[in-house]
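Residue 37 is where the sequence shown starts when you use the working numbering, and the numbers rise one by one after that.
Where is the CB? At the ideal position from N, CA and C, for every residue including glycine.
Here the structure is a predicted model, which is why all the values come from computation and not from measurement.
This report concerns only the one structure given below.
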Amino acid sequence: MPVTADLTKLVDKAYQDKSLTELVDAPVSALAGVSDGGAKLLKEALGIVTIGDLGRNPYFRTASALVALTGDK
Numbered sequence: 037m038p039v040t041a042d043l044t045k046l047v048d049k050a051y052q053d054k055s056l057t058e059l060v061d062a063p064v065s066a067l068a069g070v071s072d073g074g075a076k077l078l079k080e081a082l083g084i085v086t087i088g089d090l091g092r093n094p095y096f097r098t099a100s101a102l103v104a105l106t107g108d109k
């Protein structure tokens with residue numbers, strides 16, 4: 037099933053026309069607000085290289101679930 041989403045505020049301009057599959061494989065620095073320096077730190081500390089790595093990371097998934105369970109935005 038096709039998914040349509042407005043990603044303009046979520047990813048850098050160079051990645052706004054990419055498919056969701058391409059975004060999952062894109063470097064984490066493709067996310068709006070994540071600098072190359074921040075991406076380097078994520079790689080060094082947690083082995084996170086791609087947006088997919090970030091989304092599948094157990095620490096980030098746990099934190100996201102806890103926030104969702106509290107109803108906090």
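In terms of CA proximity to residue 89, 57 leads the group 108, 57, 43 and 69. Within its own chain, the residues whose Cβ lies closer than 7 angstroms to the Cβ of residue 47, once the five positions on either side in sequence are excluded, are 59, 66, 67 and 68, listed in chain order.
Residues 89 of the same chain have their beta carbon placed closer than 8 angstroms to that of residue 83, with the five preceding and five following residues left out of the count. Scanning its chain for C-beta atoms nearer than 8 angstroms, with the 5 sequence neighbours on each side dropped, one finds around residue 45 the residues 68, in chain order.
Taking C-beta atoms as the reference points, residue 54 and residue 62 count as a pair closer than 9 angstroms.
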